[in-house]
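**Q**
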Amino acid sequence: MNKPNIVILGAGYGGMMTTVKLQKSLGSNEANITLVNMNDYHYQTTWLHENAAGTLHHDRTRIQINSVIDINKVNFIKDKVISVKPEEKLVKMENNQLHYDILVIGLGFEAATFGIPGLAENAFTIGDINRARLIREHIDYNFALYHNENTKKQARLNIVVGGGGFTGVEFLGELADRIPELCKEYDIDKNLVRIINIEGSPTILPGFDPQLVEYAMNSLESRGVEFITGALLKECTATSVVYEKNGKEVEIPTLTTVWAAGVRANSIIEKSGFQNNRGKIEVQADMRTPEYSDVFVIGDCALIMNEESGKPYPPTAQIAIQQSDIVAHNVKALIHNTKMETFEPNILGTVASLGSNDAIGVILNNQKLLGWKATVMKKIIDNRYLWKLGGFGLLMKKGKFNIFY
Ligand SMILES: Cc1cc2nc3c(=O)[nH]c(=O)nc-3n(C[C@H](O)[C@H](O)[C@H](O)COP(=O)(O)OP(=O)(O)OC[C@H]3O[C@@H](n4cnc5c(N)ncnc54)[C@H](O)[C@@H]3O)c2cc1C
1 MNKPNIVILG AGYGGMMTTV KLQKSLGSNE ANITLVNMND YHYQTTWLHE NAAGTLHHDR
61 TRIQINSVID INKVNFIKDK VISVKPEEKL VKMENNQLHY DILVIGLGFE AATFGIPGLA
121 ENAFTIGDIN RARLIREHID YNFALYHNEN TKKQARLNIV VGGGGFTGVE FLGELADRIP
181 ELCKEYDIDK NLVRIINIEG SPTILPGFDP QLVEYAMNSL ESRGVEFITG ALLKECTATS
241 VVYEKNGKEV EIPTLTTVWA AGVRANSIIE KSGFQNNRGK IEVQADMRTP EYSDVFVIGD
301 CALIMNEESG KPYPPTAQIA IQQSDIVAHN VKALIHNTKM ETFEPNILGT VASLGSNDAI
361 GVILNNQKLL GWKATVMKKI IDNRYLWKLG GFGLLMKKGK FNIFY
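Below you can see the structure in the form of structure tokens.
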């Protein structure tokens, strides 16, 4: 192949790490590398719940792409991808189009609302920096308005979070930390505020260790979170949600519903006509699509089956980062016609934060962690990623060092 054009779509965990690895492993005479992303920054998706609650400013979460990539080796294009035409080896963007020889798709996820009436129109989602910032501003605005209306509206102080999975629980933890501050700021009695979680399963964090689930519920309840489990969200309007539990429908007045109960792969996959399994591309072990030998898929757009459980691996940053090793290696192998490697997830553990100084987790060999130990572990995981992405400089600039509260 004559100096091929490698095009990487999406500067998320998978795309950024693949780019950084390729810029190190390929000489500028070996390939042209182009990274396309809709913003000129990369963000840590796993911190967005903090930005949404207002406990961490979004500038801590975003990282300028040009501060991490080597602009002499990588051509960065800020544009929005509209579709991929794999037969023509073309990427269509809002302002341009690109020809590729090798493509890496790392366009991440979108919220899945499962057709629940009103959810797509009226609920907020924690999907990117803009959406997270909007949630923070919206909550602040409603608190600010509360005392400025003749008729006080309780709906301004009711915050409903749909879904008690990892994202929902992490967001609840941050909200529980933030609400007392907001109440002080806007002279609101803390007892008036309701943070309500609606979860369809009989418990939050379904499938997680029961002892840790109980710990998480106690921690969050002690800080004012109400759980309504075994309840299905039926409808969301601009001023309320309706859920059904034990055959009864209940309405909660709220101006703030945050939907955290489901994600799907970026719809560009489906729109581009790739063979897919519920929107994701079921990749081969070398991370390529079964249809196109020049297209790799990474992160939340890729589906990998867990042979043991017979279910797909859940979409995580952990897996996206691990996949970047294989994708970067295999892109180079494709250029040089050498042996490709296969991807095997190595799940090192799972840690969920419950606010700034509480967390739960399971790490190596099913070791349970809770409280400050889990908090420390969470920050180590976050800092390790920064180190891997941008070395000591980035770690110092963006790392979380408030480890011992
Ligand atoms: C609040 C929250 C907490 C989480 N916590 C954890 C955790 O603790 N541990 C864990 O392992 N995982 C966690 N996850 C899941 C994890 O964040 C995702 O699995 C991970 O971000 C997927 O990485 P990715 O590279 O596929 O995509 P992303 O990191 O989502 O990146 C996709 C990139 O593509 C860009 N993009 C999207 N569409 C376009 C377009 N049309 N044109 C151009 N660019 C585009 C986006 O701007 C973004 O930069 C969490 C997720 C959320 C929302």
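Mind the numbering: the sequence shown is residues 1 to 405 in UniProt numbering, read in order.
Don't be surprised by glycine CBs; every beta carbon is placed ideally from N, CA and C.
(1) Find out if the Cβ-Cβ distance for the pair Arg264, Lys248 is shorter than 9 Å.
(2) State yes or no: is the C-beta of Glu221 nearer than 8 Å to some heavy atom of ligand 1?
(3) Is there at least one non-hydrogen atom of ligand 1 closer than 8 Å to the beta-carbon of Phe274?
(4) Out of Thr167, Tyr100, Asp189, point me to the one whose CA is closest to Phe143's CA.
(5) Pick out whichever of Glu307, Gln318, Ala285, Tyr385 has its Cα sitting closest to the Cα of Glu341.
(6) Per DSSP, Arg288 forms a beta bridge with which residues?
(7) Tell whether a beta-carbon distance below 9 Å holds between Ile304 and Val104.
(8) I need the DSSP call for Pro253, collapsed to helix, strand or coil.
(9) When you compare the region 83-92 with the region 260-276, are there three or more beta-carbon pairs, one atom per stretch, that lie closer than 8 Å?
(10) Are the beta-carbon atoms belonging to Ser201 and Asp358 less than 9 Å from one another?
(11) Does DSSP put Lys378 in a helix, in a strand, or in coil?
(12) Please list, in chain order, all residues of the same chain as Phe124 whose beta carbon is under 6 Å from its beta carbon, the five residues on each side excluded.
(13) Just confirm the distance between the C-beta atoms of Ile65 and Phe76, as a whole number of angstroms; I'd bet it's less than 8 Å.
(14) Does DSSP put Arg223 in a helix, a strand or coil?
(15) Hey, could you find the ends of the beta strand (DSSP E) Arg264 is sitting in?
(16) Would you list the residues sitting across from Gly349 in a DSSP beta bridge?
(17) Examine the Cβ distances between the region 322-339 and the region 175-183 and report whether three or more of them are shorter than 8 Å.
(18) Which ranges does the beta strand (DSSP E) cover as unbroken runs of at least 3 residues, wholly within the region 183-226, from first to last along the chain?
**A** Well, looking at it:
(1) Here residue 264 refers to the residue found at position 264 of the sequence shown. Here residue 248 refers to the residue found at position 248 of the sequence shown. Cβ distance not < 9 Å, so Arg264 and Lys248 don't count as in contact.
(2) Here residue 221 refers to the residue found at position 221 of the sequence shown. Not so, every heavy atom of ligand 1 lies at least 8 Å from the Cβ.
(3) Translated into positions along the sequence shown, residue 274 becomes position 274. Flag unset: Cβ of Phe274 not near ligand 1.
(4) Residue numbering aside, residue 143 sits at position 143 when the sequence shown is read from its first letter. Out of Thr167, Tyr100, Asp189, Asp189 has the C-alpha closest to the C-alpha of Phe143.
(5) Taking the first residue of the sequence shown as 1, we reach residue 341 at position 341. Considering only alpha carbons, the answer is Ala285.
(6) Here residue 288 corresponds to residue number 288 of the sequence shown, with the count starting at 1. Per DSSP, Phe296.
(7) Counted from its first residue, the sequence shown places residue 304 at position 304. Counted from its first residue, the sequence shown places residue 104 at position 104. Result no, Cβ atoms of Ile304 and Val104 do not sit closer than 9 Å.
(8) In the sequence shown, counting from the first residue as 1, residue 253 sits at position 253. Residue state, collapsed to three classes: strand.
(9) yes
(10) Position 201 of the sequence shown, counted from the start, is the residue given in the question as residue 201. Position 358 of the sequence shown, counted from the start, is the residue given in the question as residue 358. No, they are not a contact pair.
(11) One-based indexing of the sequence shown puts residue 378 at position 378. Three-state DSSP puts Lys378 in a helix.
(12) Working through the sequence shown from its first residue, we reach residue 124 at position 124. Same-chain partners within the cutoff: Ile135, Val258.
(13) Indexing the sequence shown from 1 puts residue 65 at position 65. Indexing the sequence shown from 1 puts residue 76 at position 76. Confirmed, about 6 Å.
(14) Sequence index remark: in the sequence shown, residue 223 carries index 223 (1-based). If DSSP states are grouped into helix, strand and coil, Arg223 belongs with coil.
(15) Your numbering for residue 264 matches position 264 in the sequence shown. It spans 263-265 - the beta strand (DSSP E) in which Arg264 sits, taken as one unbroken run.
(16) Here residue 349 refers to the residue found at position 349 of the sequence shown. Its beta-bridge partners are Ile363.
(17) no
(18) 194-199
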